[in-house]
Amino acid sequence: MARVSLSIQTEYPIFSVDYAFQRIGGKYKGRILWALSKHLVLRYGELNREMSDINTKMLTQTLKELETDNLIHRKMYPQVPPKVEYSLTETGKELILFIQYSVDWGYKKWQMTHWNNFHFQEHKTAFLFFFM
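Just so we're on the same page, my numbering is the position in the sequence shown counted from 1, plus 1.
This is the structure we're talking about:
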């Protein structure tokens, strides 16, 4: 197999890649940012419903990390019961094109993998019969 060499010239130090992925890495950060980009403003309960596989402790922790990194804004209303809304900051909005690309890339790769598995399962019986 031929080795492909990519020569990417950049003025930024290589650790900037690590820094970027540390800010948005993890199982839920990208999904939260993506949900906020679609809905603009979401309350805690709406985010929890949007991502049904996350427990409340992890959602709270992830939201705090995103807020600390200035990617989301938390607006708390002084009322009972408490009302809290989350939205993207300008810094968070800058990431949406990258996340959009990641969504598109991930979906394309997921489709290829699942299509190949489906295609194999569809013809598995004929394949096994032929070689028996």
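Built from N, CA and C at the ideal position, the CB exists for glycine as well.
Problem - Cα-Cα separation, Pro-79 to Leu-64 - result: Numbered from 1 along the sequence shown, position 78 holds the residue referred to as residue 79. Numbered from 1 along the sequence shown, position 63 holds the residue referred to as residue 64. Roughly 20 Å separates the two Cα atoms.
Practice task
Would you decide whether Tyr-29 is buried or exposed? Buried here means 16 or more other CB atoms lie within 10 Å of its CB.
Solution key: Position 28 of the sequence shown, counted from the start, is the residue given in the question as residue 29. Per the 10 Å Cβ criterion, buried.
Practice task
Have a look at the DSSP bridge pairing and note the partners of Met-77.
Solution key: Numbered from its first residue, the sequence shown carries residue 77 at position 76. Val-85.
Problem - Residues of its chain near Lys-84, where Cβ-Cβ distance is below 6 Å and the 5 sequence neighbours each way are ignored - result: As a first step, residue 84 must be located in the sequence shown, where it is residue number 83. Tyr-78.
Exercise for the section: Please report how far the alpha carbon of Arg-75 lies from the alpha carbon of Leu-89, in whole angstroms. Expected result: Residue 75 sits at position 74 when you count from the first residue of the sequence shown. Residue 89 sits at position 88 when you count from the first residue of the sequence shown. Each residue's alpha carbon lies about 9 Å from the other.
Problem - Within 8 Å, strictly: CB atoms of Tyr-87 and Ile-73 - result: Here residue 87 is taken as the residue at index 86 of the sequence shown, counted from 1. Here residue 73 is taken as the residue at index 72 of the sequence shown, counted from 1. Taking 8 Å as the Cβ cut-off, Tyr-87 and Ile-73 qualify as a contacting pair.
Handout entry: Alpha carbon of Val-18 to alpha carbon of Trp-116, nearest angstrom
Key = In the sequence shown, counting from the first residue as 1, residue 18 sits at position 17. In the sequence shown, counting from the first residue as 1, residue 116 sits at position 115. Val-18 and Trp-116: Cα-Cα distance of roughly 32 Å.
Exercise for the section: Report yes if the CB atom of Leu-37 is closer than 8 Å to the CB atom of Leu-43, and no otherwise. Expected result: Looking up residue 37 in the sequence shown gives position 36. Looking up residue 43 in the sequence shown gives position 42. The answer is yes: Cβ separation under 8 Å.
Problem - Which residues DSSP lists as bridging Leu-43, in chain order - result: Along the sequence shown, read from residue 1 onward, the residue named residue 43 stands at position 42. Looking at the DSSP assignment, Leu-43 forms a beta bridge with Tyr-87.
Problem - Exposure label - Arg-50; buried when at least 16 CB within 10 Å - result: In the sequence shown, counting from the first residue as 1, residue 50 sits at position 49. Answer is exposed; the Cβ neighbour count stays below 16.
Practice task
Could you tell me the distance, in whole angstroms, from the CA atom of Ser-103 to the CA atom of Val-81?
Solution key: The residue you call residue 103 lines up with position 102 of the sequence shown. The residue you call residue 81 lines up with position 80 of the sequence shown. Spanning the two alpha carbons is a distance of roughly 39 Å.
Handout entry: Tyr-102 in three-state terms, based on DSSP
Key = Here the question's residue 102 lines up with position 101 in the sequence shown. If DSSP states are grouped into helix, strand and coil, Tyr-102 belongs with the helices.
Problem - Short Cβ contact (8 Å threshold) for Leu-60 with Leu-48 - result: Position 59 of the sequence shown, counted from the first residue, corresponds to residue 60. Position 47 of the sequence shown, counted from the first residue, corresponds to residue 48. Against a cut-off of 8 Å, the Cβ pair of Leu-48 and Leu-60 comes out as a contact.
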